[in-house]
Amino acid sequence: MGIALKKDRRPPVRIQLKKNDNVKVIAGRDKGKTGRILEVNSAKGSLLVEHVNMIRKHTRKNPAKQIAGGIAEKEGPIAVSNVMILCPKCEKPVRIAHHVKEAPGGKAVRERICRKCGQTLDKK
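The sequence shown begins at 4 in this note's numbering and counts up one residue at a time.
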């Protein structure tokens with residue numbers, strides 16, 4: 004006779020980081036490590052960063068599915084708030100600013116730039 008509780012449905016977090024951005028971990032167990040973003044999950048507000056927050060997963064052998072079994076290491080999710088993007092010019096973790104510029108055809112294009120030096124963070 005319990006009351007059915009609804010799960011907390013938070014809106015997706017707006018993440019300014021993209022796949023293949025180089026980031027530095029600024030908080031947590033892996034503080035100071037740098038890596039490339041492999042995956043962005045805006046629903047949970049988390050990222051997968053290459054060689055950061057490595058977890059061990061124990062898998063059972065299953066010959067039917069060609070699974071060898073043993074201990075596999077893979078990246079675990081890390082909160083977006085615990086990383087900062089690395090500026091290619093400053094080579095330091097920086098905050099992101101946005102600059103709107105006109106593209107051919109009269110379209111407005113938002114561009115991510117470094118707040119310290121003004122260098123673009125978008126790869127072309």
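Yeah, the Cβ is synthetic: ideal placement off N, Cα and C, and Gly gets one too. On a predicted model such as this, the values are computed, not experimentally measured, just so you know.
When the five nearest sequence neighbours on each side are left out, the beta carbons in the same chain lying within less than 6 Å of the beta carbon of Glu53 are those of Gly38, Arg39 and Leu41, in order along the chain. When rounded, the separation of the alpha-carbon atoms in Asn56 and Gly109 is 44 Å.
Straight-line measurement puts the Cα of His61 at about 38 Å from the Cα of Arg98. Under the three-state reduction of DSSP output, Val16 falls in the coil class, being neither helix nor strand. The residue among Ala111, Glu105, Cys93 and Lys104 with its C-alpha nearest the C-alpha of Gln122 is Cys93.
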